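**Q** Here it is, the structure, as structure tokens.
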Amino acid sequence: MPAPRKSIDRYKSMAHYFGALIRDLRDSYELRVGEPLTVAQLSAKTGYSPSMLGAIERGQNLPESGLRVQAIDDALHAEGHLKMLWPVVQRLGHCTLDELAAATNRTIAGYREYGSSALPQGDDMERRQLFQLAGLGLFAQSPLFNAGEPVRQMLERVLNTADSLTVDDWQRTCADYLHAVLTRPPATVRDDLVLDLAALQQVIARVPPERAAELQRAAAWLSALHANVLTRLGECGAARRWWTTARNAADASGDTDLRVWVRGTEAVFALYSPRAPEAILPLAHSARSLAGDRVTAGHIKAVSAEAQALAVLGRRQEARDRLRHLHELAAHDVVGEKYGWQPSGVWFTTSWVLSYDGATEAGREARDRLLATSPCYQNGTNVRLHEAIAIGKQGGHNEALQLATQVITHLDPAYRSQMILHTARMTLDTVPIEKRAALPALGDYRTAISASVLA
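Going by the working numbering, the first residue of the sequence shown is number 25, and it counts up by one from there.
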């Protein structure tokens with residue numbers, strides 16, 4: 025068993041992060057490779073003494089060359105990830121990430137490929153470039169960096185100490201990302217969103233606390249959008265952590281409507297995650313309790329989530345009751361349109377609930393209304409899959425699988441989000457297990473789903 029991990033701030037600098045990553049790889053070696061790796065064995069493979077390896081893991085020292093990094097990478101079966109990160113580490117070394125954001129002209133302690141040196145004076149880089157150098161863009165590309173987790177950790181640290189002179193700019197940035205999420209493939213949105221979250225975190229860290237609320241609103245909104253994107257990409261664990269960050273930021277803002285919106289939206293997206301439908305109901309209820317009698321976008325999302333979860337659970341009458349209440353709320357003036365509320369959302373929920381009820385004609389009317397008004401490719405695709413679910417509920421199992429297959433294969437692979445594939449899999453759930461093998465459409469259906477996952 026590895027020695028107990030000492031409390032070391034892995035986000036203090038790139039040197040500390042690099043060392044902590046090496047320790048993580050050593051701790052997980054047996055699980056990944058299938059055999060244990062002792063410190064003595066790692067020492068023999070890399071040419072470093074155990075004490076020097078400990079200093080590197082604690083972020084106190086760095087390897088003196090890229091060749092030594094390659095040796096550590098090979099010894100730990102890191103598949104090139106340490107080597108990939110090394111150019112960033114050698115450039116930034118022990119310079120703290122906070123210092124990087126505070127100045128763009130600085131001599132940064134660095135390490136060159138075959139020895140130590142310092143960067144020349146006058147490296148004048150914009151903040152976004154600094155964060156790219158710091159590896160935040162790289163983190164989003166590598167499975168070792170957990171979908172922007174370093175950024176989330178830093179944002180949590182400074183959440184309650186912030187203000188900004190560029191609130192309007194951040195509000196426009198949030199609105200731009202909302203449009204991008206609705207219209208573009210999720211993979212094309214994530215990296216820029218991570219960088220802007222990092223930049224916002226640094227703005228929050230620099231401004232007086234008495235002017236924090238507006239920035240915390242932006243932090244909540246961007247964090248929720250990032251959780252949205254991660255859910256679409258199928259990274260549900262990371263998404264759940266970002267929903268927590270969004271809730272914390274919304275709570276810190278003191279904006280009740282925003283708090284309701286974050287919780288209501290999380291409840292909706294939880295429908296496409298590994299969470300049990302029963303777990304969604306308390307989350308939606310908490311949003312409704314916060315909303316009270318105020319009809320907001322978040323309140324409507326919470327009721328939508330309840331109706332959909334109840335439909336999945338087979339609680340038909342309760343789902344219909346919630347759907348009726350949803351239409352009553354939508355008849356009022358809804359507060360919070362900037363968060364993406366559109367009346368078509370009511371028809372999406374109606375399509376979902378009626379499809380699970382097997383009501384093909386009433387469901388078709390709801391789908392037609394949504395398709396006539398919604399600009400979101402995901403909603404349009406999913407309601408066509410709702411039709412497949414309704415057909416399956418009526419007993420047309422082969423026809424249901426054929427329709428789901430057609431919908432998936434006719435969609436550009438870049439747009440086949442995990443939320444769409446989740447709905448497509450729900451079509452198969454309408455088919456009794458003992459009847460599946462005899463269905464002619466099953467093979468093509470499974471091929472379409474598998475190809476989409478691989479894509």
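Ideal Cβ placement from N, Cα and C applies to all residues, glycine included. All of these numbers come straight from a predicted model, not from anything done at the bench.
Please go through the stretch 320-352 and give each complete alpha helix (DSSP H) segment of 4 or more residues, from N-terminal end onward.
**A** Runs of the alpha helix (DSSP H) inside the stretch 320-352: 321-336.
**Q** Run through the DSSP bridge pairs and tell me what T120 is partnered with.
**A** Along the sequence shown, read from residue 1 onward, the residue named residue 120 stands at position 96. DSSP output for T120 lists S37 as bridge partner(s).
**Q** Where does V231 fall in DSSP's three states?
**A** Numbered from 1 along the sequence shown, position 207 holds the residue referred to as residue 231. DSSP places V231 in coil when its eight states are reduced to three.
**Q** Tell me which same chain residues have a C-beta within less than 8 Å of the C-beta of V551, skipping the five on either side of it?
**A** It is not possible to answer for residue 551, since the shown part of the chain is limited to 25 through 479.
**Q** Does the distance from the C-beta atom of R264 to that of D275 stay below 8 Å?
**A** Here residue 264 is taken as the residue at index 240 of the sequence shown, counted from 1. Here residue 275 is taken as the residue at index 251 of the sequence shown, counted from 1. In this structure, D275 does not lie closer than 8 Å to R264 by Cβ.
**Q** Note down the Cα distance separating R151 from L217, rounded to an integer number of angstroms.
**A** The residue given as residue 151 occupies position 127 in the sequence shown. The residue given as residue 217 occupies position 193 in the sequence shown. No answer about R151 holds up, because its pLDDT of 37 lies below 50 and its placement is not dependable.
**Q** Determine the DSSP secondary structure at V455, reduced to helix, strand or coil.
**A** Your numbering for residue 455 matches position 431 in the sequence shown. The answer is coil: DSSP assigns V455 none of H, G, I, E or B.
**Q** At what residues does the alpha helix (DSSP H) containing P209 begin and finish?
**A** Start at 1 with the first residue of the sequence shown, and residue 209 comes out as number 185. Per DSSP, P209 belongs to no alpha helix (DSSP H) and is neither H nor E.
**Q** For V253, list the residues DSSP reports as bridge partners.
**A** Here residue 253 corresponds to residue number 229 of the sequence shown, with the count starting at 1. According to DSSP, V253 bridges with nothing at all.
**Q** When you compare only the Cα positions, how much space is there between V455 and R340?
**A** Taking the first residue of the sequence shown as 1, we reach residue 455 at position 431. Taking the first residue of the sequence shown as 1, we reach residue 340 at position 316. Near 19 Å, if we compare the C-alpha coordinates of R340 and V455.
**Q** Do the stretch 205-213 and the stretch 247-262 touch if we need at least three Cβ pairs shorter than 8 Å?
**A** Taking 8 Å as the limit for Cβ pairs, the verdict is that the stretch 247-262 does touch the stretch 205-213.
**Q** Using DSSP with H/G/I as helix, E/B as strand and the rest coil, what is V359?
**A** Within the sequence shown, the letter at position 335 stands for residue 359. If DSSP states are grouped into helix, strand and coil, V359 belongs with the strands.
**Q** So the candidates are T429, A95, T373, R115; which of them puts its Cα closest to the Cα of R470?
**A** As a working mapping, residue 470 is identified with position 446 in the sequence shown. Nearest of T429, A95, T373, R115 to R470, Cα basis: T429.
**Q** Indicate the three-state DSSP secondary structure (helix, strand or coil) for C400 in the structure shown.
**A** As a first step, residue 400 is located in the sequence shown; it is residue number 376 there, counting from the start. Coil at C400, not helix or strand.
**Q** Could you give the DSSP three-state label for Q366: helix, strand or coil?
**A** Position 342 of the sequence shown, counted from the first residue, corresponds to residue 366. Looking at Q366 - three-state DSSP - the assignment turns out to be coil, as it is neither helix nor strand.
**Q** Helix, strand or coil for P464? Go by DSSP, reduced to three states.
**A** On the sequence shown, residue 464 is found 440 positions in, with the first residue counted as 1. Coil, per DSSP.
**Q** Tell me the rounded alpha-carbon separation between Q324 and C119.
**A** Within the sequence shown, the letter at position 300 stands for residue 324. Within the sequence shown, the letter at position 95 stands for residue 119. The question names Gln, yet the displayed sequence has Ile at residue 324. In a straight line, the C-alpha of I324 is about 47 Å away from that of C119.
**Q** So does the stretch 58-69 actually touch the stretch 107-119, counting three or more Cβ pairs closer than 8 Å?
**A** Contact between the stretch 58-69 and the stretch 107-119 is absent, because fewer than three Cβ pairs lie under 8 Å.
**Q** Which whole-angstrom value describes the C-beta separation of L307 and A294, a residue pair presumed to lie in contact below a C-beta threshold of 8 Å?
**A** Mapped onto the sequence shown, residue 307 falls at position 283. Mapped onto the sequence shown, residue 294 falls at position 270. With 8 Å as the limit, L307 and A294 qualify as a contact, their Cβ atoms being about 6 Å apart.
**Q** State the start and end residues of the unbroken alpha helix (DSSP H) segment that holds T433.
**A** Reading the sequence shown from its first residue, position 409 is the one you call residue 433. Residues 421-433.
**Q** Quick one: is the Cβ of D357 within less than 7 Å of any heavy atom of the ligand PLP?
**A** Among the ligands in the structure shown, none appear at all, so the ligand PLP cannot be discussed.
**Q** Quick check on DSSP: helix, strand or coil for D97?
**A** Taking the sequence shown and counting its residues from 1, the one referred to as residue 97 is at position 73. If DSSP states are grouped into helix, strand and coil, D97 belongs with the helices.
**Q** Could you tell me whether the stretch 313-321 touches the stretch 296-303, using the rule of 3 or more Cβ pairs below 8 Å?
**A** With a cut-off of 8 Å, the stretch 296-303 and the stretch 313-321 do not count as touching, because too few Cβ pairs lie within range.
**Q** Quick one: Cα of H40 to Cα of D33, how far?
**A** Counted from its first residue, the sequence shown places residue 40 at position 16. Counted from its first residue, the sequence shown places residue 33 at position 9. For H40 and D33, the distance between alpha carbons rounds to 7 Å.
**Q** Select from A236, P74, W245 the residue whose C-alpha is nearest the C-alpha of L221.
**A** By 1-based counting over the sequence shown, the position of residue 221 is 197. The candidate whose alpha carbon is nearest that of L221 is W245.
**Q** With DSSP collapsed to three states, give me the class of I46.
**A** Position 22 of the sequence shown, counted from the first residue, corresponds to residue 46. Helix, per DSSP.
**Q** According to the neighbour-count rule (16 or more other Cβ atoms, all chains shown, within 10 Å of its Cβ), is P233 buried or exposed?
**A** Here the question's residue 233 lines up with position 209 in the sequence shown. Label assigned to P233: exposed.
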